[in-house]
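Q: Please find one structure pasted underneath; my questions will follow.
In structure tokens, the structure reads:
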């Protein structure tokens with residue numbers, strides 16, 4: 418009985434089995450997919466819309482500028498003092 422031949426055949430079989438396993442794993446890896454949730458999509462839309470809007474209210478700035486040019490813009494000293502104190506203390510009244 419020749420054991421050498423059996424070992425050689427067994428080694429070929431093991432190598433073939435390992436190759437098939439690797440090929441199967443590669444096929445599985447190619448089929449992986451990901452999908453963004455609806456919440457994620459909504460957040461992306463909101464972020465885009467927010468980045469496209471201006472932080473400055475152009476109408477308000479134009480109205481105040483016009484009042485300043487006409488000399489009709491009035492500022493309450495109490496309001497200014499309150500805003501200064503709030504910014505220093507970090508609280509909002």
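Residue numbers (my numbering): 418 to 510. Ideal Cβ positions, reconstructed from N, Cα and C, are used throughout, including at glycine.
#1: Would you report the Cα separation of residue 497 and residue 491, rounded to the nearest angstrom?
#2: Is DSSP giving residue 481 helix, strand or coil here?
#3: Expressed to the nearest angstrom, what Euclidean distance is found between the alpha-carbon atoms of residue 494 and residue 470?
#4: First and last residue of the alpha helix (DSSP H) that includes residue 470?
A: In brief:
#1: So the two alpha carbons sit approximately 11 Å from each other.
#2: Three-state result, residue 481: helix.
#3: Each residue's Cα considered, the two are about 32 Å apart.
#4: For residue 470, there is no enclosing alpha helix (DSSP H), as DSSP marks it with neither H nor E.
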